[in-house]
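2 protein chains.
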Amino acid sequence: MSVSLTERHYGEYTAGRSGKMKLSTKGRYGLRALIDLAQYSGDGPVSITSISVRQDLSERYLEQLMSLLKKAGLVRSIRGAGGGYVLAKDTKEISVGDVLRALEGSLEPVDCPGLDPEGGCKAADSCVTKYVWKRINESITRTVDEISLDQLVEESRKKCASDADRTKCKN
Amino acid sequence: MSVSLTERHYGEYTAGRSGKMKLSTKGRYGLRALIDLAQYSGDGPVSITSISVRQDLSERYLEQLMSLLKKAGLVRSIRGAGGGYVLAKDTKEISVGDVLRALEGSLEPVDCPGLDPEGGCKAADSCVTKYVWKRINESITRTVDEISLDQLVEESRKKCASDADRTKCKN
DNA sequence: AGAAATCCCAGTAAATTACTAGGAAATATG
DNA sequence: CATATTTCCTAGTAATTTACTGGGATTTCT
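Those sequence lines, one after another, are chains A and B. For the first sequence, the working numbering begins at 1 and goes up steadily by one. For the second sequence, the working numbering begins at 1001 and goes up steadily by one.
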């Protein structure tokens, strides 16, 4: 009989029964983590451990998400004891779109080769659906780019201020 | 040595290297098929075989997509020789949103239990990201619901009318 | 020196996608 | 009435992706 010692962070396979057009846990967890980071930074860098405890996320997994955010230039890291992460820009300068693209890659609903010139889509010029994917893409982009991290942090502050039980404040 | 007799419709695993937030082939193929159906109906029902030839899609797979469209009440079927499919409504009454939801299921980027009342999201009331997913959902919904099949058929007609080589007209 | 962090890479079970396959049932036509 | 054509239904499967876990090197503060 084998016993697993490490408790599994009970997984969300793209939030229960999935359809498509879903954000993965990367985008969902990552945005929560970044809001948390924004809230708790100010007195020095914020460690992955502290975020993972507050937000109830796997420490190891979060590590990977932070790496993506770093690569995208949204956060900076400070190594060694007492280290952690800080935002690389002001919260007003970071949009939800920046965060999600860093974590999920392109948010375009279809990687249509007809959308960029060098692609080799056979039906490129007679392609009608391309127009649809473009419209969807524009509307998603517009939406996520007009929400700033700043707004979310503010919103969270309001909600959690009135909340006696801080552990419930998980974004 | 074994030889495969059935040629595989060389697959698109969600359009090459995927990210997330992607439409599956169901949505992409299905919309093309429905545009085709709209264009070629008028003189009786349109068969799956004819659509699959014109649009270069797997006949068997398309069958499954049509079944979904039927279940959603977008098309009606006529069985037996000379049968096929016809639109169940006018093209003006069918939106891209109707089609995509029939094929892909919900288009919401996150199945957030906090979004419907009876869900059991622990962080429900302090959940800030929920607001983001709601905004994205609204913008996608608005966009896909304001494009009608009618518009796409018209667009396709314009493009293909000036196209000598009909085989290129694949939507 | 030692603890606390980030960093980096590898592995894996579960889920999903994008099909293929087989055959039953219905219907028009010769 | 036989036959071809067509929808209908269910099952199977290889490739791919997701959502993690794990080990260990490296950096830095104390």
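Note that CB positions come from ideal geometry on N, CA and C, so glycine has one too. Just so it is clear, the structure is predicted and the values come from calculations on it, not from any experiment.
Q | Residue environment, residue 143/A, which counts as buried when at least 16 other CB atoms sit within 10 Å | A | buried
Q. Based on Cα-Cα distance, which residue from 1090/B, 1091/B, 1034/B and 1038/B lies nearest to residue 1063/B?
A. 1034/B
Q: Taking only beta-carbon positions, decide if residue 1008/B is within less than 8 Å of chain A.
A: no
(Q) With DSSP as the reference, identify every bridge partner of residue 1042/B, one or two as the case may be. (A) 1044/B
Q: Taking residue 35/A as the query, report the chain B residues whose CB atoms sit under 8 Å from its CB, ordered along the chain.
A: 1128 and 1129
Q: Put residue 24/A into one of helix, strand or coil per three-state DSSP.
A: coil
Q: Taking the CB atoms as reference points, tell me whether residue 1074/B and residue 1102/B lie closer together than 8 Å.
A: yes
Q: Could you tell me which of 92/A, 112/A, 96/A and 68/A sits nearest to residue 1135/B, measuring between CA atoms?
A: 96/A
Q. Is residue 136/A helix, strand or coil when you go by DSSP?
A. helix
Q. Would the region 1028–1046 of chain B and the region 1075–1095 of chain B be scored as touching if the rule is three or more Cβ pairs under 8 Å?
A. yes
**Q.** Contacts around residue 30/A, its chain only, beta-carbon distance under 6 Å, and the 5 residues preceding and following it disregarded
**A.** 65 and 103
**Q.** Among 1077/B, 1061/B and 1024/B, nearest to residue 1008/B - alpha-carbon criterion
**A.** 1061/B
**Q.** Interface flag, residue 120/A vs chain B, CB-CB below 8 Å
**A.** Note on residue 120/A: pLDDT 48, under 50, position unreliable in the model; no value is reported.
Q.
Based on DSSP bridge pairs, tell me the residues matched to residue 85/A.
A. 46/A and 77/A
Q: For chain B, find out if any of its Cβ atoms is closer than 8 Å to the Cβ of residue 28/A; answer yes or no.
A: yes
Q: Give the single residue among 108/A, 109/A and 92/A whose Cα lies nearest to the Cα of residue 153/A.
A: 92/A
Q. Using the C-alpha atoms, what's the distance from residue 1022/B back to residue 108/A?
A. 7 Å
Q) Since residue 1071/B meets chain A, which of its residues come closer than 7 Å, beta carbon to beta carbon? A) Per Cβ cutoff of 7 Å: no residues; residue 1071/B is ~15 Å from chain A at best.
Q) The alpha helix (DSSP H) spanning residue 1097/B covers which residue range? A) 1096–1104
Q.
Counting only Cβ pairs nearer than 7 Å, list the residues of chain A close to residue 1156/B.
A. 128
Q.
Quick check on residue 10/A: buried or exposed, where buried means 16 or more other Cβ atoms within 10 Å of its Cβ?
A. exposed
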